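Sequential numbering of the sequence shown, starting at 4, is according to the working numbering.
Using N, Cα and C, we set each Cβ at its ideal position, and we do this for glycine too.
Note that the structure is a prediction, hence the values are computed from the model and not measured.
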Amino acid sequence: MPDKDALLEMIGIYKSFGEVEVLINVNFKVGKNEIVGLVGDNGAGKSTLIKIITGVHRPDKGEIYFKGKKITYHSVELSRDLGIETVYQERALGEQQTLWRNIFMGREIRDRFGFLRIDKEKEETEKILRKHMGFTSKAITPDSIVKYLSGGEKQGIAIGRALYFNAELIILDEPTMGLSLSETKKVLDFVLNIKKNGKSAIFISHNIYYVYPVADRFVILDRGHIAGEFLKSEISQEELVNKMVELARTGKME
Ligand SMILES: Nc1ncnc2c1ncn2[C@@H]1O[C@H](COP(=O)(O)OP(=O)(O)O)[C@@H](O)[C@H]1O
Ligand SMILES: [Mg+2]
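See the structure below:
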């Protein structure tokens, strides 16, 4: 029976690409208003797992429940309609375009005659920047062009957009990849903002030092298997790092 209190629950998920078994009997849960850190080495299967959640891939076997309802049909559109949004590092925000256009791309505000409400879109973008994202810099406005934002700010916009459109579960797959330390700090603050907004997130990284401060719980994926799960209250950052090192070295975890 699925857990009624979980936001997302995956039970007995298997996925292979050809001969290669990428996910083997994976059980994975995200609670309401919970930030889950999904960690593991490159190639562990983290991205494949989230692509199953977002409907990019179909599992070979296993069940998925979202808010207690079984997901029987997998598509990116459906997962978005359910309230699941993904923030990719390489996510193509239109580089040459303004923030307001990016935020409402594909979800334009129109009046009853079908005309675009650009004034309203700009007004709402301003709200997202200040209220949802807590941007304080006057340098960033709804008319700012995406390409002049830093990497961390772009991630912030993508998260703000997801919150604005009421995503229940925001998935961040290596959102700090290629970012400087100060930019990474910003992204981590944005992830904490998801928590403050009462929503849930899956934060994927192979860097425990980034995941530890923001996540409530850690799930370790190792070569397609769940190798361990820990509440933050059960484990210190150092212990978690040691476990990961041991896992990489011996293939086992105490
Ligand atoms: N579309 C695909 N076709 C074939 N193999 C894939 C595909 N996607 C991922 N893989 C393989 O699955 C394994 C897990 O990949 P991935 O889920 O991206 O790992 P992670 O995100 O943890 O680094 C890797 O060995 C990868 O090469
Ligand atoms: Mg990956």
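Span separating the alpha-carbon of Val-23 from that of Asn-169: 37 Å
7 Å CB neighbourhood of His-60 in its chain, flanking five on each side removed: These residues qualify, in order along the chain: Lys-18, Thr-51, Lys-54.
Top-ranked residue by Cα proximity to Leu-195, from Asp-225, Gly-58, Glu-177, Ile-162: Ile-162
Go ahead and pull the three-state DSSP assignment for Val-59. Three-state result, Val-59: coil.
Please classify Ala-161: does DSSP put it in a helix, a strand, or coil? helix
Let me confirm a value: Lys-259 is counted as buried when at least 16 other C-beta atoms fall within 10 Å, else exposed. Which label applies? Look at the range of the chain in this structure, 4 to 257, and you will see that residue 259 is not part of it.
Here's the rule: buried if 16 or more other CB atoms are within 10 angstroms of the residue's CB, otherwise exposed. What is Tyr-68? buried
For Val-29, which residues from the same chain have a beta carbon less than 7 Å from its beta carbon, with the 5 sequence-adjacent residues on both sides left out? Met-13, Ile-16, Leu-52, Ile-229
Mind checking who Tyr-17 pairs with in its DSSP beta bridge? Lys-64
Complete alpha helix (DSSP H) runs within the segment 81-111 (minimum length 4 residues, chain order): 102-106
Is there at least one non-hydrogen atom of ligand 2 closer than 6 Å to the beta-carbon of Ser-82? no
Closest to Tyr-215 by CA distance: which of Leu-11, Gly-181, Asn-36, Gly-40 is it? Considering only alpha carbons, the answer is Gly-40.
Are the segment 95-111 and the segment 121-131 in contact at 8 Å, needing three or more beta carbon pairs? yes
Would you check whether ligand 2 has a heavy atom nearer than 6 Å to the C-beta of Ser-50? In this structure, Ser-50 has its CB closer than 6 Å to one or more heavy atoms of ligand 2.
How big is the Cα-Cα spacing for Ser-208 and Pro-145? Roughly 30 Å between the two C-alpha positions.
Could you check how far apart the C-beta atoms of Gly-231 and Lys-246 are, in whole angstroms? I think they sit under 8 Å. 7 Å
Residues near Phe-138 by beta carbon distance below 6 Å, same chain, minus five either side: Leu-132
Give a single yes or no on whether Ala-47 has its beta carbon closer than 6 Å to a heavy atom of ligand 1. yes
Taking the alpha-carbon of Ile-160 as reference, which of Tyr-212, Met-136, Leu-175 has the nearest alpha-carbon? Met-136
Does ligand 1 have a heavy atom nearer than 6 Å to the CB of Phe-138? With a cutoff of 6 Å, Phe-138 does not count as near ligand 1, since its C-beta is closer than that to no heavy atom of the ligand.
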